[in-house]
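One structure below.
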């Protein structure tokens, strides 16, 4: 409903440009559109965030200055104390939910720092992937009970780093055949997280924010895309192209039919067009530079023009009926 | 949670005809979201670049001189402008935009190669901006064209070792950007130019910070300080009449803190502060985001840059944190708590 549209400074600016707002009413219109309550809260929080950021950085710098002189016991005690304080703080009902969520995420991050310092002091000689894997395993209970999409994303990064450092250790993954497989393996945690999110979003409201879908989708499809691109350019491991196409088709049917999401569809169209355009340019390139450039222009125009047309059609039809 | 103002209430309270207001926003409601435009932009820009590469290769093979390159640039620019007026779809629009920018770049490169003078090349970018910005109603085009018209003259001034001239440029950029933001023009929307003018000084400081030997800075001298004093004072003066007594007391505190900041802090941090004050004044979340990003970037850089040990930095951070905490308490006492 048009009349329900909220007014902000962008709307005021558009009205001004369209000539619907006289010059003398521009400043009063800006004042009227400005959500005073929001900006009062924003100002207060911005000052508090800057203050706590400075104080926290001061504490960190203090420890960094004295780090070399601390005994191994003191170092581990300081970090473990941090983990305990953050984890217990996240359970205090008097604190706002956002603060509690942040404290539990901080506890998860501190566990990683603790493991790294432990490895440094006792020279465990472990591979990097083992540290990240242990970090992910130890913090999984907090992630499961934390009820926070942000926490899940932080954990996903830890798991993906574990996989990344694992494939980095194995020589085969650096070969022409191994590189696309590595991309798929690194994409797996994000893919699994995305599937979990889509299965549970109806039951758990905290999974509802759009970014909780888009971030794992972009990471998973992006990595599969690069795996397929490596196969196209290097003319190896053609099956990885098939994996990418199947993933793209599945995502298309999911986000165009069952869980309509225009931002997800835009991402899918972008990656699909990119893949088809690379394949087309690769297949039709020849030694004549001018001919190759002209043909590439034509191919890119056709492919992205079609993609853009598809997006406009989807936008128009979904605008009429409304979507998620 | 504050009740948000609807378009209907807004039109009524400003005595604007509701149908005119709805008609003015109709086109915007039909527009694609930015991420869908971005898909078209990727394709459009790639296609324009490959086309420009094809013509450049052709010209380079036929005639190896800068006049031919300049003429090719002009032809591509005119073709892009024609396409920009003609194409209505997102892809065609982006393709034409990329063609225009490619044409402009070729023209500037041709002048640069032909004249071998940075000053003449910089003047050409300014002339191109003055001529093309009113002719091409496109915000991205304006942002990039004005950006080039600010950056190249700045580099030319630095090359000429003219510190007073760069201070003068700061005096144009900062208050100019604030003025364009607070008092926008029409029918030509000059907001992109305002953003360029406001970002010019902090970007120079950021680049200068990474490459200290270049010594780029628009705002460290007296001209820069004065520019920021004007820039900060202007929105605060606009807010003053709207405030009650407690708000005015806090404003005086903020004003004193702002003057101290301008005199003592590095220019990048003051630039971040200016963005935050502007965001608060006009209610722009984009400016608020940019202000926070600038503050975080320059804060990190500032403490890294100082030739101090970690303990001294720790004490400085804690002291500033304490002052900010006091400001937060004052904010709560004077602004938040008296509100029902």
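Protein chains in written order, with our numbering: chain A, 1 to 324; chain B, 1001 to 1340. Note that CB positions come from ideal geometry on N, CA and C, so glycine has one too. Computed from a predicted model, the values in this text were never measured in an experiment.
Using DSSP with H/G/I as helix, E/B as strand and the rest coil, what is residue i?
i              : result
residue 6/A    : strand
residue 1244/B : coil
residue 1059/B : helix
residue 256/A  : helix
residue 317/A  : helix
residue 1164/B : helix
residue 196/A  : helix
residue 105/A  : helix
residue 325/A  : Since the displayed chain A opens at 1 and closes at 324, residue 325/A lies outside it and no answer follows.
residue 123/A  : coil
residue 178/A  : helix
residue 18/A   : coil
residue 1190/B : coil
residue 309/A  : helix
residue 95/A   : coil
residue 11/A   : helix
residue 69/A   : helix
residue 202/A  : coil
residue 1185/B : coil
Quick one: what's residue i bridged to in DSSP?
i              : result
residue 1006/B : 6/A
Assuming residue i and residue j are in contact, meaning their beta carbons sit under 8 Å apart, how far apart are those beta carbons, in whole angstroms?
i              : j              : result
residue 1098/B : residue 1044/B : 6 Å
residue 16/A   : residue 1186/B : 6 Å
residue 989/B  : residue 1156/B : Missing from the structure shown is residue 989/B; chain B here goes from 1001 to 1340 and no further.
residue 201/A  : residue 208/A  : 6 Å
residue 136/A  : residue 158/A  : 5 Å
residue 311/A  : residue 1036/B : 5 Å
residue 218/A  : residue 267/A  : 6 Å
residue 1146/B : residue 1133/B : 7 Å
residue 330/A  : residue 1320/B : With chain A represented from 1 up to 324, any question about residue 330/A goes unanswered, as that position is not in the structure.
Please list, in chain order, all residues of the same chain as residue i whose beta carbon is under 7 Å from its beta carbon, the five residues on each side excluded.
i              : result
residue 334/A  : No information on residue 334/A is available, as it lies outside the stretch 1 to 324 that chain A covers here.
residue 169/A  : 127 and 129
residue 1298/B : 1266, 1268, 1269 and 1272
residue 193/A  : 152, 156 and 216
residue 1018/B : 1008 and 1011
residue 162/A  : 129, 132, 133 and 136
residue 407/A  : Limits of chain A in this structure are 1 at one end and 324 at the other, which puts residue 407/A out of reach.
residue 244/A  : 224, 225, 227, 228 and 275
Starting from residue i and walking both ways along the alpha helix (DSSP H), at which residues does that stretch end?
i              : result
residue 253/A  : 239 to 253
residue 1115/B : 1090 to 1115
residue 1141/B : 1139 to 1159
residue 169/A  : 149 to 169
residue 1227/B : 1222 to 1239
residue 54/A   : 36 to 66
residue 28/A   : 26 to 33
residue 1086/B : 1066 to 1086
residue 23/A   : Segment: none, residue 23/A is in no alpha helix (DSSP H) and carries neither H nor E.
residue 1280/B : 1267 to 1282
residue 221/A  : 210 to 234
residue 132/A  : 128 to 146
residue 1121/B : 1118 to 1135
residue 1329/B : 1310 to 1331
residue 83/A   : 72 to 89
Please go through the same chain and pick out, in chain order, the residues whose beta-carbon is closer than 8 Å to the beta-carbon of residue i, but skip the five residues on each side of it.
i              : result
residue 1284/B : 1278
residue 1251/B : 1236, 1239, 1240 and 1243
residue 314/A  : 256, 262 and 265
residue 86/A   : 103, 104, 106, 107 and 110
residue 1049/B : 1098 and 1102
Please list, in chain order, all residues of the same chain as residue i whose beta carbon is under 6 Å from its beta carbon, the five residues on each side excluded.
i              : result
residue 221/A  : 271
residue 1114/B : 1066
residue 1200/B : 1150 and 1173
residue 1148/B : 1125
residue 72/A   : 121
residue 1229/B : 1262
residue 1295/B : 1272
residue 125/A  : none
residue 1111/B : 1121 and 1124
Answer yes or no: the CB of residue i versus the heavy atoms of the ligand SAH, is any distance below 8 Å?
i             : result
residue 249/A : Although the ligand SAH was asked about, the structure shown includes no ligands whatsoever.
Checking contacts by CB at 9 Å: is residue i closer than that to chain D?
i             : result
residue 259/A : The chain labelled as chain D is not found among the protein chains of the depicted structure, namely A and B.
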